[in-house]
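S.K.: Submitted below is the structure of interest, expressed as structure tokens.
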Amino acid sequence: MSGGKGAALVAMGAAAGASILALTLYLTGELGENAAEADRNKSVAAASPDPVRDPALRQRLGIVEAPLAAYSGAQQAGGFARGLDASTLAAIVAEIDTARATAAASQAEAARLDMLYRSDVSASRRAVETAKAQAGADLARLRLARQRIGLEYGPGLARLGDVGVHQLVARISSGDAALVRIDVPGVLLSAGAVVRIGDREVSVDVRVLGPAAASDSKLQSAGVLAVVTGPAVRQALAGRVLAVQTASGASVSGVLVPRDAIVRHQGQMWVYHRESAKFEREVLVEPVPVSGGWLVLSGLRPGEIVVVHGGAGLLALETRPAQSSGGDD
58 MSGGKGAALV
68 AMGAAAGASI
78 LALTLYLTGE
88 LGENAAEADR
98 NKSVAAASPD
108 PVRDPALRQR
118 LGIVEAPLAA
128 YSGAQQAGGF
138 ARGLDASTLA
148 AIVAEIDTAR
158 ATAAASQAEA
168 ARLDMLYRSD
178 VSASRRAVET
188 AKAQAGADLA
198 RLRLARQRIG
208 LEYGPGLARL
218 GDVGVHQLVA
228 RISSGDAALV
238 RIDVPGVLLS
248 AGAVVRIGDR
258 EVSVDVRVLG
268 PAAASDSKLQ
278 SAGVLAVVTG
288 PAVRQALAGR
298 VLAVQTASGA
308 SVSGVLVPRD
318 AIVRHQGQMW
328 VYHRESAKFE
338 REVLVEPVPV
348 SGGWLVLSGL
358 RPGEIVVVHG
368 GAGLLALETR
378 PAQSSGGDD
């Protein structure tokens with residue numbers, strides 16, 4: 058009986074020893090895997106590119122830093138420019154040319170008949186009066202043709218005169234110019250005012266010719282006309298709408314952010330600046346396009362150092378996918 062109990066005790070001891078050994082091996086393996094994982098993560102973090110501490114990396118990325126300049130000027134207002142179809146204007150120009158030639162011929166005929174009548178040579182008084190009436194009618198048609206420019210396009214374009222409008226149509230037909238209508242709600246643009254048309258890729262400054270013939274029914278704004286020249290002509294196609302910026306009169310001050318300093322990400326505009334031991338990305342609050350860059354009224358300070366070249370490389374480093382920590386177990 059005592060022998061059976063001893064054997065049972067020995068078996069129980071052996072089982073307990075085996076369980077303790079298995080638990081020890083399991084914990085040892087788990088701790089070893091955790092330590093190995095931490096070591097791998099540590100090595101990956103140590104291998105991450107650091108453009109602040111690595112001059113060679115900064116040179117490869119083309120990183121250039123510069124202080125922001127202060128900006129002070131008139132507040133900018135935004136609007137729209139729409140390319141106009143010049144085919145109607147070309148038809149009016151042709152009508153003016155035809156009416157001018159007809160009026161000149163009828164006036165010459167009336168003068169000839171009047172001279173014959175006064176010389177008492179085969180010309181009746183009735184024929185002279187009929188010729189003068191025809192000459193007057195032809196002159197009226199010429200005036201109406203000229204007035205159509207102001208009635209259909211506005212007095213600003215009519216001020217160019219016959220020669221100026223003829224030259225404009227020729228330039229538009231050859232692709233060297235485009236006629237646009239500009240609407241800036243809340244801003245009354247006068248003849249000679251400077252307006253910037255286009256985006257940051259392609260933009261051009263134009264001078265207002267004068268008021269358009271009618272207001273915009275949707276914007277309820279008094280539009281003006283302008284002529285676009287240069288590379289922006291390809292953007293100002295008939296019917297296309299482009300962004301517009303112009304001075305609204307009020308004065309504002311802020312910082313001028315160079316165009317090359319801006320990176321675009323997730324639908325917003327950002328700049329990089331060095332903060333402590335790394336480059337930080339900061340969003341621009343309501344930037345306004347101005348000559349030479351973008352005006353920012355808040356968030357940045359004059360003299361603050363930002364990355365003016367190489368920001369795209371910093372964004373690529375920041376948003377790159379996480380590196381693999383090793384092979385599969």
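Counting with the numbering used here, you get residues 58 to 386 for the letters of the sequence shown. Using N, Cα and C, we set each Cβ at its ideal position, and we do this for glycine too.
Skipping 5 residues on each side, what residues in its chain have a beta carbon closer than 7 Å to that of residue 283?
M.R.: 237, 239, 252, 263, 264, 265 and 266
S.K.: When the Cβ atoms of the stretch 332-345 are set against those of the stretch 289-299, are three or more pairs found closer than 8 Å?
M.R.: no
S.K.: Considering just the uninterrupted stretch of the alpha helix (DSSP H) at residue 337, what are its terminal residues?
M.R.: Note, residue 337: premise wrong, no alpha helix (DSSP H); beta strand (DSSP E) at 335-340.
S.K.: Nearest to residue 205 by alpha carbon, out of 218, 135 and 159?
M.R.: 218
S.K.: By how many angstroms is the C-alpha of residue 122 removed from the C-alpha of residue 315?
M.R.: 11 Å
S.K.: If I measure Cβ to Cβ from residue 349 and keep anything under 7 Å in the same chain, skipping five residues before and after, which residues do I get?
M.R.: 313
S.K.: Closer than 7 Å by C-beta to residue 211: which residues in its own chain qualify, once you throw out the five before and the five after it? Chain order, please.
M.R.: 267, 268, 269, 270 and 282
S.K.: Can you list, in chain order, the residues of its chain with a C-beta nearer than 8 Å to that of residue 261? Leave out the 5 residues immediately preceding and following it.
M.R.: 253, 254, 255, 285, 286, 287, 288 and 289
S.K.: Which whole-angstrom value describes the C-beta separation of residue 166 and residue 188, a residue pair presumed to lie in contact below a C-beta threshold of 8 Å?
M.R.: Contact holds; Cβ gap of about 5 Å.
S.K.: May I ask you to list the residues that DSSP assigns as paired with residue 326?
M.R.: 321
S.K.: Determine, for residue 319, whether the minimum Cβ-Cβ distance to residues of chain D falls below 9 Å.
M.R.: Of the protein chains in this structure there is only one, and it is not chain D.
S.K.: Can you find at least 3 beta carbon pairs, one from the stretch 171-188 and one from the stretch 142-161, that sit closer than 8 Å?
M.R.: no
S.K.: Can you tell me whether residue 249 is buried or exposed? The criterion is at least 16 other CB atoms within 10 Å of its CB, across all chains shown.
M.R.: exposed
S.K.: Could you check where the beta strand (DSSP E) with residue 266 kicks off and where it finishes?
M.R.: The continuous beta strand (DSSP E) containing residue 266 extends over residues 260-268.
S.K.: Between the alpha carbons of residue 273 and residue 322, how many angstroms are there, rounded?
M.R.: 35 Å
S.K.: Give a yes or no on whether the C-beta atoms belonging to residue 125 and residue 362 are separated by under 9 Å.
M.R.: With respect to the 9 Å criterion, residue 125 and residue 362 are classified as neighbours on the basis of their beta carbons.
S.K.: Helix, strand or coil: how does DSSP classify residue 315 here?
M.R.: coil
S.K.: Which of the three DSSP states is assigned to residue 174 in this structure?
M.R.: If DSSP states are grouped into helix, strand and coil, residue 174 belongs with the helices.
S.K.: Taking the alpha carbon of residue 345 as the point to measure from, which residue in 120, 303 and 113 has its own alpha carbon closest?
M.R.: Of the listed residues, the one whose Cα sits closest to residue 345 is 303.
S.K.: Which one of 114, 133 and 351 has the shortest CA to CA distance from residue 326?
M.R.: 351
S.K.: So, with DSSP's three-state summary, where would you put residue 359?
M.R.: coil
S.K.: So the beta strand (DSSP E) residue 129 belongs to, where does it begin and stop?
M.R.: 126-140
S.K.: What's the gap between the Cα of residue 201 and the Cα of residue 223?
M.R.: In this structure, the alpha-carbon of residue 201 lies about 16 Å from that of residue 223.
S.K.: Quick check: what's the CA-CA separation for residue 115 versus residue 129?
M.R.: 33 Å
S.K.: According to DSSP, which residues form a beta bridge with residue 303?
M.R.: 134
S.K.: Got a sec? Which residues, its chain only, sit under 6 Å from residue 195 by beta carbon, not counting five neighbours each side?
M.R.: 159, 160 and 163
S.K.: Does the beta-carbon distance from residue 242 to residue 136 come in below 9 Å?
M.R.: yes
S.K.: Using 9 Å as the threshold, is the C-beta distance between residue 207 and residue 199 below it?
M.R.: no
S.K.: Note down, in chain order, each residue of its chain lying with its Cβ closer than 6 Å to the Cβ of residue 244, except the 5 sequence neighbours on either side.
M.R.: 134 and 305
S.K.: Look up residue 353 in the DSSP assignment and give the residues it is bridged to.
M.R.: 312
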